[in-house]
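Structure record follows, encoded as structure tokens.
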Amino acid sequence: MSIPLSKLETDLVGTIKSIHAGQELHRRLSGLGIRTGIRIKIIRRSPFNGPMQIRVGHTDLMLRPADAAHIEVCLAS
Amino acid sequence: MKRIAVLGMPNTGKSTLFNRLTGAGAHVGNWPGVTVDLLSAKILLGDAMVEIVDLPGFYNLHGFSEDEAVVRHFLETQPVNLLLVVLNSSQLDRQLALPLQLRDLGIPMCLVLNMSDEANKLGVRINTGKLEEALSAPVLSMAAKFGTGIEKLKGELNQLLHKHPELVHANEATFDQDIRIEHELDSLVHQSVTNPISLPVSMTDKLDRVLLHPWFGLRVFCFMMFLLFQAIYGLGTPLQDGMGWLFDQIKTDLLVPLAANWPGPVKSLVLEGLFDGISTVLTFMPIIALFFLLMAIVEDSGYLARAAFLTDSLMSRLGLDGRSFVMQLMGFGCNVPAIMGTRIMRTPALRTLTMLIIPFSLCSARLQVILFVVAATFSPKAAPIALFTLYLASFAAAFITALLGRKHYKNREPLLLELPPYRLPTWQFLGFEAWRATRQFMAGAGGFIILGVLMVWFLTHFPFNVPAASGQTLAGGISRALGPIFAPLGIDNMLSTALLFGFVAKEIVIGALAVIFSVGPTELSSVLAHRLDWVQAYSFLLFTLIYTPCLSTIAVLKQESKSWKVATVAVLWPLTLAWLSSFAFYQTARYFL
Chain A
1 MSIPLSKLET DLVGTIKSIH AGQELHRRLS GLGIRTGIRI KIIRRSPFNG PMQIRVGHTD
61 LMLRPADAAH IEVCLAS
Chain B
78 MKRIAVLGMP NTGKSTLFNR LTGAGAHVGN WPGVTVDLLS AKILLGDAMV EIVDLPGFYN
138 LHGFSEDEAV VRHFLETQPV NLLLVVLNSS QLDRQLALPL QLRDLGIPMC LVLNMSDEAN
198 KLGVRINTGK LEEALSAPVL SMAAKFGTGI EKLKGELNQL LHKHPELVHA NEATFDQDIR
258 IEHELDSLVH QSVTNPISLP VSMTDKLDRV LLHPWFGLRV FCFMMFLLFQ AIYGLGTPLQ
318 DGMGWLFDQI KTDLLVPLAA NWPGPVKSLV LEGLFDGIST VLTFMPIIAL FFLLMAIVED
378 SGYLARAAFL TDSLMSRLGL DGRSFVMQLM GFGCNVPAIM GTRIMRTPAL RTLTMLIIPF
438 SLCSARLQVI LFVVAATFSP KAAPIALFTL YLASFAAAFI TALLGRKHYK NREPLLLELP
498 PYRLPTWQFL GFEAWRATRQ FMAGAGGFII LGVLMVWFLT HFPFNVPAAS GQTLAGGISR
558 ALGPIFAPLG IDNMLSTALL FGFVAKEIVI GALAVIFSVG PTELSSVLAH RLDWVQAYSF
618 LLFTLIYTPC LSTIAVLKQE SKSWKVATVA VLWPLTLAWL SSFAFYQTAR YFL
């Protein structure tokens with residue numbers, strides 16, 4: 001079962017199943033190492049529904065929930 | 078001449094490496110068709126002069142951002158001998174994608190695995206031999222921040238230049254095809270990089286728990302901004318005043334006696350036009366250097382990205398991002414460096430919108446005028462309220478501008494910022510940043526500012542046989558002509574002449590008023606108190622706060638945006654908004670009071 005990354009709970013790890021984004025966002029994401037099969041951990045969320053801090057490998061990134069909604073993940077064991 | 082292009086993703090220490098290689102001699106070069114400033118320097122490598130060009134940080138050779146387009150355009154049009162590709166050692170799992178993309182360009186490469194100290198700490202092990210073999214390019218491990226490995230790198234570059242003496246054009250076909258490298262990347266990372274199974278809880282994680290805490294984080298942010306503002310205001314303003322004092326001394330002790338026998342108009346041109354213009358430019362030097370020093374600390378330490386994280390939810394609603402807010406706050410010290418500081422934002426639309434809201438920040442120059450007029454015309458009890466509401470008006474003007482402008486300057490790029498580990502910046506790097514920004518301001522905006530000061534001098538002094546700034550001068554004529562426009566705001570001709578002076582620098586308004594009323598600064602208070610009631614005074618202050626930013630601000634806006642259109646908007650829109658605000662306030666107040 002997959003959920004949008006924006007709905008993944010803080011401190012949980014998800015594996016990217018698919019990315020439903022335009023070419024522009026898609027290429028930017030892949031440049032940052034976010035692509036299918038990669039594991040993402042949600043570190044924290046900023047106040048007032050602001051961006052979320054995610055960890056991919058050794059990189060910490062911030063991402064707005066609206067953009068994260070385009071990324072489908074399934075819970076990693 | 079031989080040429081090396083330095084490329085890499087953001088946050089790889091690319092600029093630090095470039096600085097280490099080239100020293101302080103780097104300058105902004107002009108490249109045909111390239112819209113952003115590129116630093117380049119000529120250095121002696123072995124027996125030959127080599128030009129080193131620092132290309133903007135980018136994530137994907139096939140990406141759509143402006144920086145990515147700049148890199149592509151540069152590689153398409155400029156032949157180079159060598160690509161120096163800088164990678165962050167601890168992020169090779171994704172950064173190796175870059176050399177895989179670049180490899181197909183057919184230009185010899187040299188790879189630097191930078192920040193090896195951080196990778197060691199994290200327990201990342203790298204097999205450089207395997208990388209060299211797979212990418213058929215030499216691979217060097219180093220920590221540019223500490224200067225380790227620089228001499229070795231220079232030797233390697235020298236050897237490579239002997240091996241590849243010809244300038245090569247990139248194989249253009251590669252720019253169009255976005256080949257799937259993901260599989261190759263995975264196997265390359267698998268072969269050459271060993272990551273620890275679990276990451277140790279780092280210092281950065283611990284700091285983030287406090288600094289990004291939903292409750293503490295915003296408070297620490299406010300405190301940090303307060304400190305920064307205090308540093309700029311508390312150190313920068315006295316420095317600026319000190320420079321001003323120095324120039325006054327030079328003027329009265331050296332120039333005035335020297336010019337004693339010169340004909341009136343020439344004397345006035347040199348003393349009140351040219352000299353004041355040059356000293357206006359020079360008095361900005363310390364504040365710009367200080368600002369960039371502080372900004373470099375905030376940015377390189379990794380805190381700026383955190384500030385963006387904390388304030389994004391408010392700013393994204395205005396079509397801006399958290400970094401805009403930091404720059405806007407810095408603008409309360411001085412607008413000029415804050416506008417130059419927007420260069421950290423790499424999206425043109427976002428950057429332009431931020432540059433358009435910064436001039437509404439109530440800077441220290443305007444504060445001088447406001448404090449003087451408020452003290453003269455308001456009761457001690459009402460004065461703080463007047464000041465506070467003007468600060469509110471400053472934010473309101475900026476937010477209204479953002480709301481109106483966000484449709485036109487639509488920011489299409491997603492906010493995908495790295496939160497780099499906290500790092501201590503090096504003094505050398507801070508020095509470079511401060512020095513470069515100051516030099517760029519002098520070269521880019523200096524001439525424009527001097528011309529503007531000369532123009533205002535001419536308006537307020539011609540014809541030469543009447544008292545300066547009086548009703549008979551050109552400026553007086555303009556004020557009379559504009560009288561009907563200012564009358565509904567409660568601003569008379571004498572006050573509007575002072576506003577014309579204020580275009581040069583807002584703090585001049587008080588001095589100009591003293592000249593216009595032909596009184597000393599001490600009598601000016603009572604003249605103002607006598608001539609203006611509080612409604613008129615407040616309307617005048619509201620106008621002073623919002624109207625056309627000072628000449629230096631316009632000059633850097635033009636320099637940074639490289640667009641006359643943006644500079645024109647930055648002149649006309651605040652004028653319109655100032656008029657509307659003062660009109661609304663004055664007419665409402667007069668109706669009720």
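Just so you know, the sequences run in chain order A and B. Numbered as in the numbering used here, the first sequence ends at 77 without a single skipped number. Numbered as in the numbering used here, the second sequence ends at 670 without a single skipped number. From the three backbone atoms N, C-alpha and C, an ideal C-beta is built for every residue, glycine too.
From the DSSP output, in three-state form, read off residue i for me.
i: M571 of chain B; result: helix
i: M417 of chain B; result: helix
i: A308 of chain B; result: helix
i: S269 of chain B; result: helix
i: V245 of chain B; result: strand
i: Q549 of chain B; result: coil
i: W292 of chain B; result: coil
i: T478 of chain B; result: helix
i: P544 of chain B; result: coil
i: D610 of chain B; result: coil
i: L299 of chain B; result: According to the sequence provided, residue 299 of chain B is Cys. The question's Leu does not apply to it. Helix at C299 of chain B.
i: V287 of chain B; result: helix
i: T625 of chain B; result: coil
i: R483 of chain B; result: coil
i: K344 of chain B; result: helix
i: F48 of chain A; result: coil
i: E349 of chain B; result: helix
i: A582 of chain B; result: coil
i: G560 of chain B; result: helix
i: L138 of chain B; result: coil
i: N488 of chain B; result: coil
i: S616 of chain B; result: helix
i: V278 of chain B; result: coil
i: R257 of chain B; result: coil
Going by DSSP, what residues sit across from residue i in a beta bridge?
i: I81 of chain B; result: B:I129, B:L159
i: V56 of chain A; result: A:T59
i: N165 of chain B; result: B:N191
The beta strand (DSSP E) that contains residue i, what's its start and end?
i: K41 of chain A; result: 39–45
i: P4 of chain A; result: 2–4
i: I355 of chain B; result: Unbroken run through I355 of chain B is the alpha helix (DSSP H), 352–377; no beta strand (DSSP E).
i: I19 of chain A; result: 13–19
i: I71 of chain A; result: 71–75
i: L494 of chain B; result: 493–495
Could you spell out where the alpha helix (DSSP H) holding residue i opens and where it closes?
i: M185 of chain B; result: Looking at the sequence itself, residue 185 of chain B is Pro, so the reference to Met does not match. Here P185 of chain B belongs to no alpha helix (DSSP H), and DSSP marks it neither H nor E.
i: M532 of chain B; result: 504–538
i: T665 of chain B; result: 641–669
i: V148 of chain B; result: 143–154
i: E637 of chain B; result: 628–638
i: G31 of chain A; result: 23–31
i: T36 of chain A; result: Here T36 of chain A belongs to no alpha helix (DSSP H), and DSSP marks it neither H nor E.
i: F402 of chain B; result: 399–407
i: S393 of chain B; result: 380–394
i: T431 of chain B; result: 425–434
i: P65 of chain A; result: 65–68
i: L590 of chain B; result: 585–593
i: T251 of chain B; result: 250–253
>> Any C-beta of chain A within less than 9 Å: which residues of the segment 124–137 of chain B qualify?
In response: Taking 9 Å as the Cβ-Cβ cut-off against chain A, the residues of the segment 124–137 of chain B that qualify are F135, Y136, N137.
> Quick one, which residues of the segment 160–171 of chain B are near chain A if we go by CB-CB under 7 Å, in chain order?
Replying inline: Taking a C-beta cut-off of 7 Å against chain A, the contacting residues of the segment 160–171 of chain B are S167, Q168, D170, R171, listed in chain order.
> Where in the segment 84–127 of chain B do unbroken runs of the alpha helix (DSSP H), each at least 4 residues long, occur, reported from the N-terminal end onward?
Replying inline: Segments of the alpha helix (DSSP H) lying fully in the segment 84–127 of chain B: 91–99.
>> Which complete alpha helix (DSSP H) runs does the segment 442–473 of chain B hold, if anything under 4 residues is left out?
In response: As far as the segment 442–473 of chain B is concerned, it has no whole alpha helix (DSSP H) run of at least 4 residues.
> Which whole runs of the alpha helix (DSSP H) in the segment 191–239 of chain B are 4 residues long or more, in chain order?
Replying inline: Listed in chain order, the alpha helix (DSSP H) elements of length 4 or more contained wholly in the segment 191–239 of chain B are 193–199, 205–212.
>> Going residue by residue through the segment 312–340 of chain B, where are the continuous beta strand (DSSP E) segments of at least 3 residues, counting only ones entirely within it?
In response: Qualifying beta strand (DSSP E) stretches: none in this window.
> When you check each C-beta in the segment 41–62 of chain A against every C-beta of chain B, which residues fall closer than 7 Å?
Replying inline: Listed in sequence order: R44, S46, P47, F48, N49, G50, P51, Q53, G57, H58, T59, D60, L61, M62.
>> Counting only Cβ-Cβ distances shorter than 7 Å, please list the residues of the segment 490–522 of chain B near chain A, keeping chain order.
In response: The residues in question are P491, L492, L493, L494, E495, L496.
> Which residues, taken in chain order from the segment 1–33 of chain A, show a beta carbon closer than 9 Å to some beta carbon of chain B?
Replying inline: Cβ contacts with chain B come from A21, Q23, E24, L25, R27, R28, L29, S30, G31, L32, G33.
>> At a CB distance below 7 Å, what residues from the segment 256–287 of chain B approach chain A? Give them in sequence order.
In response: Listed by position along the chain: E259.
> Which residues, in chain order, does the segment 199–212 of chain B contribute to contact with chain A at a C-beta distance below 9 Å?
Replying inline: So the close ones are L199, V201.
> Closer than 9 Å, Cβ to any Cβ of chain A: which residues of the segment 290–322 of chain B, in chain order?
Replying inline: Listed by position, the residues of the segment 290–322 of chain B near chain A (Cβ gap below 9 Å) are H290, P291, W292, G294, L295.
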